[in-house]
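Novice: Same order as they appear, the protein sequences are chains A and B.
So in the numbering used here the end of the first sequence lands on 95, straight run, no missing numbers.
So in the numbering used here the end of the second sequence lands on 190, straight run, no missing numbers.
First the structure, which I've put down as structure tokens, then a few questions once you've had a look.
There are 2 protein chains.
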Amino acid sequence: MIKVIAKNYVHQDNLKEVVELYRELVELTRKEKGCIKYELFQDEKDPLSIAMIEEWASKEDLERHLSSEHFLRIVPLIRKHMQKQTDMGIYNRII
Amino acid sequence: MIKVIAKNYVHQDNLKEVVELYRELVELTRKEKGCIKYELFQDEKDPLSIAMIEEWASKEDLERHLSSEHFLRIVPLIRKHMQKQTDMGIYNRII
Numbered sequence: 001m002i003k004v005i006a007k008n009y010v011h012q013d014n015l016k017e018v019v020e021l022y023r024e025l026v027e028l029t030r031k032e033k034g035c036i037k038y039e040l041f042q043d044e045k046d047p048l049s050i051a052m053i054e055e056w057a058s059k060e061d062l063e064r065h066l067s068s069e070h071f072l073r074i075v076p077l078i079r080k081h082m083q084k085q086t087d088m089g090i091y092n093r094i095i
Numbered sequence: 096m097i098k099v100i101a102k103n104y105v106h107q108d109n110l111k112e113v114v115e116l117y118r119e120l121v122e123l124t125r126k127e128k129g130c131i132k133y134e135l136f137q138d139e140k141d142p143l144s145i146a147m148i149e150e151w152a153s154k155e156d157l158e159r160h161l162s163s164e165h166f167l168r169i170v171p172l173i174r175k176h177m178q179k180q181t182d183m184g185i186y187n188r189i190i
């Protein structure tokens, strides 16, 4: 199992549109092979700071997701609303 | 349910000691009321970059954890081995 944390920082006033775009991405991604969890979170202290926390059965499943039609179509639309580059990390559990 | 992401960056050569300290912290924390998940992850590209990903039933449970004997005893020992300040965020799920 691998974990992904993808943090983003949304432009002021664009949060509602971003969440709508994520809603479609999440719905389609959760149907993918190997997708265990794919959930969007919001920082309680700063609503413009959001984090996708993901769990994939294998690296191959994650790689297939990153080249899926919906990822390649929706993520560029989401990125237009971001103030910073995505801070993305891929993690293995050690404890 | 609330999510916590606590990222740390370990000093070179101290990773083994840090993981041993976390092992005790994790074991004791998982017994706490309201602790749903408390897992330590390592960045696949940089083994010195680690992230605790936590899930708590409520904010009260998290606050009790942050003032528990084991947290107050072990976390300062862990922090001695870190290169940077902890990057900690508390999140609510939106999708």
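Virtual Cβ for every residue (Gly too), placed ideally from N, Cα, C.
Just so you know, these numbers come straight off a predicted model, no measurement behind them.
Quick check for students: name the residue ranges of the alpha helix (DSSP H) that lie wholly in the stretch 11-71 of chain A, counting only runs of 4 or more.
Specialist: DSSP runs (the alpha helix (DSSP H)) wholly in the stretch 11-71 of chain A: 15-29, 59-66.
Novice: Can you pull the chain A neighbours of residue 98 (chain B), defined as C-beta to C-beta under 9 Å?
Specialist: Near residue 98 (chain B) (Cβ distances below 9 Å), the residues of chain A are 39, 41, 51, 53.
Novice: Express the C-alpha separation of residue 137 (chain B) and residue 76 (chain A) in angstroms, rounding to a whole number.
Specialist: About 28 Å.
Novice: Could you tell me whether the stretch 112-119 of chain B touches the stretch 58-74 of chain A, using the rule of 3 or more Cβ pairs below 8 Å?
Specialist: Segments in contact, no.
Novice: With 8 Å set as the bound, which would you pick, yes or no: does the beta-carbon of residue 186 (chain B) sit closer than that to a beta-carbon of chain A?
Specialist: So yes, residue 186 (chain B) belongs to the interface.
Novice: Evaluate residue 155 (chain B) with the Cβ neighbour count: other Cβ atoms within 10 Å of its Cβ, from every protein chain shown; 16 or more gives buried, anything less gives exposed.
Specialist: With fewer than 16 Cβ atoms within 10 Å of its Cβ, residue 155 (chain B) is classed as exposed.
Novice: With three or more beta-carbon pairs closer than 8 Å as the criterion, would you say the stretch 3-20 of chain A touches the stretch 77-93 of chain A?
Specialist: Short answer: they touch.
Novice: Starting from residue 104 (chain B), find everything on chain A with Cβ-Cβ shorter than 8 Å and list it in chain order.
Specialist: In chain order: nothing, as chain A lies at least about 12 Å away.
Novice: Starting from the C-beta of residue 56 (chain A), find all residues in its chain whose C-beta is less than 6 Å away, skip the five residues before and the five after it, and write them out in chain order.
Specialist: Counting only Cβ-Cβ distances below 6 Å, and skipping sequence neighbours, we find 2, 34, 62.
Novice: Check whether the Cβ of residue 155 (chain B) lies closer than 8 Å to any Cβ atom in chain A.
Specialist: No - not a single Cβ of chain A is within 8 Å of the one on residue 155 (chain B).
Novice: Where do the N-terminal and C-terminal ends of the beta strand (DSSP E) with residue 88 (chain A) fall, by residue?
Specialist: Counting along the chain, the beta strand (DSSP E) containing residue 88 (chain A) begins and ends at 87-93.
Novice: Starting from the beta carbon of residue 121 (chain B), find every residue of chain A whose beta carbon is closer than 9 Å, and list them in chain order.
Specialist: 95, listed in chain order.
Novice: Under 7 Å Cβ to Cβ from residue 78 (chain A), same chain only, skipping five residues before and after it: list those, please.
Specialist: Counting only Cβ-Cβ distances below 7 Å, and skipping sequence neighbours, we find 18, 21, 22.
Novice: Per DSSP, residue 169 (chain B) forms a beta bridge with which residues?
Specialist: For residue 169 (chain B), which the question treats as bridged, DSSP gives no partner whatsoever.
Novice: CA-CA distance, residue 106 (chain B) and residue 146 (chain B)?
Specialist: Cα to Cα, residue 106 (chain B) sits roughly 14 Å from residue 146 (chain B).
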